[in-house]
Structure formats: C-alpha cells, structure tokens
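Working notes, beginning with the structure itself.
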Amino acid sequence: MVLPASPQAGPPSWLLKLAAALTGAILAAFVAVHMVGNIKAYVGSEHFNDYAHWLRVAGEPLLPEMGLLWAFRVVLLISIIIHIAATLALTFRSRSARGPYRARGLRAESWVSRTMLITGIALLGFIIIHILDLTTGHLNGAFQAPTHTSSFAYENLIASFSRPLFSLLYLVAMGALAVHLIHGLWLLATDFAVTGPRTRRVWKVIAYAAGIVIAFVNMSVPLAVLTGVLS
Ligand code: HEM
Numbered sequence: 097m098v099l100p101a102s103p104q105a106g107p108p109s110w111l112l113k114l115a116a117a118l119t120g121a122i123l124a125a126f127v128a129v130h131m132v133g134n135i136k137a138y139v140g141s142e143h144f145n146d147y148a149h150w151l152r153v154a155g156e157p158l159l160p161e162m163g164l165l166w167a168f169r170v171v172l173l174i175s176i177i178i179h180i181a182a183t184l185a186l187t188f189r190s191r192s193a194r195g196p197y198r199a200r201g202l203r204a205e206s207w208v209s210r211t212m213l214i215t216g217i218a219l220l221g222f223i224i225i226h227i228l229d230l231t232t233g234h235l236n237g238a239f240q241a242p243t244h245t246s247s248f249a250y251e252n253l254i255a256s257f258s259r260p261l262f263s264l265l266y267l268v269a270m271g272a273l274a275v276h277l278i279h280g281l282w283l284l285a286t287d288f289a290v291t292g293p294r295t296r297r298v299w300k301v302i303a304y305a306a307g308i309v310i311a312f313v314n315m316s317v318p319l320a321v322l323t324g325v326l327s
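The numbering used here numbers the first residue of the sequence shown as 97 and each following residue consecutively.
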C-alpha cells in the first residue's frame with residue numbers, strides 16, 4: 097500500500113529545532129566576532145589589512161595558506177544551509193499542521209515567524225552581495241585582490257562604501273540583522289528551555305543588547321566612510 101506524503105515525514109521536529117538553534121548560535125557568534133574585526137577599521141588601514149592577511153595565513157605552517165579560513169568557511173556554509181533548511185521545514189510543518197482554519201489571537205506568533213522569514217531572506221541576499229563585493233570583488237570595480245604577502249581589505253572597504261547606494265544597502269541589511277538577531281536570540285531561550293521569569297528577562301535584555309550593538313557598530317562603518325571619518 098502506498099501511503100500519502102505526510103507533512104511530518106522527515107526528521108522529528110525536536111531535531112529540526114535543535115539544529116536551527118545550534119546553527120543559529122554559531123551564526124550569531126560569527127557576526128559578533130566579525131563585528132569586532134570591523135572595529136579594527138578605526139585603528140587604521142595597516143592594522144585592518146594585517147588582520148585580513150592574518151586570517152589567510154592563520155594556522156601556518158601546520159596548515160596550508162588559507163587552510164583555517166577555508167575550514168571556517170565550510171563550517172559557516174554548512175551552518176547557513178542547515179539553519180535555512182531546518183527553519184523552513186519547521187515553518188511549513190507548523191503551517192500545514194494548522195490547516196486552512198485560522199484561530200483569532202495568534203497574530204503575535206505569526207508576526208514573529210513572518211518577520212524572521214523576511215529578514216532571513218534579506219540577510220541571505222546580503223551575504224551573497226557582500227561576498228561578491230568584499231571577498232571576490234565581482235561587484236567592486238576598484239577591488240584589489242590579496243597577494244601571498246598582503247591584503248587590501250581596507251582599500252576595498254573604502255571603495256565599496258564610497259558608493260552611497262552600497263552604503264545604503266549595508267545600512268538596510270544591518271536593520272534586518274538587528275531584528276533577526278533580537279528575535280532569534282530570544283527564541284533560543286525557549287529552545288533551550290529557559291523558563292524562569294528572571295532568567296528569561298535577563299536573556300531578553302541580552303538579545304536586545306546584542307542585536308542593537310552588533311547592528312549599530314556595523315552601521316557605523318559605512319556611515320564613517322560616507323562622512324569622511326574613514327578614508
Ligand atoms: C557593515 C558591516 C560589515 C562590514 C564592514 C564587513 C566587512 C567585511 C570585510 C572587509 C570582509 C572581507 C575580509 C577579507 O578580505 O578577508 C568581509 C567578509 C565577510 N563578511 Fe562581512 N562585513 C559586514 C557585515 C557582515 C555581516 C552582517 C555578515 C553576516 C551576516 C558578514 C559576513 C561575511 C562573510 C561570510 C565574509 C566572507 C569571509 C571569507 O570567507 O573570506 N559580514 N566582511
């Protein structure tokens with residue numbers, strides 16, 4: 097007998113939730129560390145370029161040039177794929193479980209999941225543009241590729257943000273990042289079964305603080321280039 101495809105086919109929901117939560121935590125840790133790296137732009141071009149060069153040679157001579165960087169890239173890529181697959185599967189599963197009938201009073205929850213979907217799609221688009229802009233240089237006419245001995249990440253950054261349209265794009269993307277991080281970190285509290293009202297309050301403050309600080313520090317970089325503070 098052939099059974100009809102069930103919306104519950106595939107991994108159990110608890111496993112999808114765990115996968116979404118763990119990969120979300122990895123990606124949040126990455127944006128926090130990346131923000132600290134971005135602050136180095138204020139220390140000076142040499143410092144920023146040295147840091148970008150170090151990312152390429154870290155782990156040498158034990159690892160080949162860019163070995164550690166590629167290991168991080170693979171972990172990030174796998175995390176992004178699992179995060180998107182798990183969160184989309186959970187969204188479709190909860191929608192099909194609800195059926196065609198809509199109970200009143202569920203707006204708040206559906207608003208959060210819609211917001212996460214929209215900001216998540218925006219961030220995916222941003223990451224693709226961002227890599228084509230500052231890593232491969234396809235979207236950056238003045239891009240200078242790194243060599244074995246030096247990196248030009250600072251010059252590439254200035255060239256990119258000197259274009260108001262690109263700066264605006266980064267500012268909008270950081271708005272999406274703030275919203276996604278705040279809600280995502282807050283949802284983590286539920287995923288990791290944080291139930292005490294006091295701990296939940298503290299977690300909420302941490303979620304808001306992390307989202308706002310990371311987004312605003314990042315936003316300051318294109319704004320600093322546009323206003324001539326960084327040049
Ligand atoms: C205004 C904010 C940001 C600035 C100024 C910035 C700056 C940079 C720079 C300069 C690079 C190239 C580094 C190099 O040449 O080695 C880079 C790479 C990258 N950034 Fe950002 N970034 C920002 C926001 C973000 C955000 C929010 C994300 C993630 C959501 C992100 C993800 C990445 C990734 C995945 C790479 C590629 C790393 C690699 O494989 O080489 N960035 N960023």
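The C-beta atom is built at its ideal place from N, Cα and C for all residues, glycine as well.
Residue i versus residue j: straight-line alpha-carbon distance, rounded
i: Tyr266; j: Leu230; result: 12 Å
i: Gly163; j: Pro242; result: 15 Å
i: Lys300; j: Trp282; result: 6 Å
i: Met131; j: Phe188; result: 33 Å
i: Gly155; j: Phe144; result: 19 Å
i: Leu235; j: Thr245; result: 24 Å
i: Glu161; j: Gly292; result: 47 Å
i: Ala306; j: Ala128; result: 8 Å
i: Trp110; j: Ala289; result: 12 Å
i: Leu228; j: Arg297; result: 39 Å
i: Met97; j: Leu261; result: Residue placement at Met97 is flagged as unreliable, the pLDDT there being 45, under the threshold of 50; a coordinate-derived value is accordingly withheld.
i: Thr211; j: Gly233; result: 31 Å
i: Ala167; j: His226; result: 19 Å
Cutoff 8 Å; reference residue i; Cβ partners in own chain excluding five residues on either side
i: Gly237; result: Ala255
i: Ile135; result: Val313
i: Ile180; result: Gly216, Leu220
Beta-carbon contacts of residue i that lie in its chain and below 6 Å, excluding the five residues immediately before and after
i: Met381; result: Past the boundaries of the shown model lies residue 381; the chain is included only from 97 to 327, so the question cannot be answered.
i: Ile178; result: Ala115, Thr119
i: Ser263; result: Phe257, Pro318, Leu322
i: Phe222; result: Ala269
i: Lys113; result: Asp287
Other residues of its chain near residue i: CB distance less than 7 Å, five sequence neighbours each side excluded
i: Val208; result: His279
i: Ala320; result: Leu326
Notebook entry, point to check: Should the stretch 146–157 be called in touch with the stretch 300–313, which here means at least 3 C-beta pairs below 8 Å?
Noted result: The stretch 146–157, when compared against the stretch 300–313, does not touch it at the 8 Å Cβ threshold.
Check: Is there contact here, the stretch 206–225 with the stretch 270–278, by at least three beta-carbon pairs under 8 Å?
Finding: The stretch 206–225 vs the stretch 270–278: in contact.
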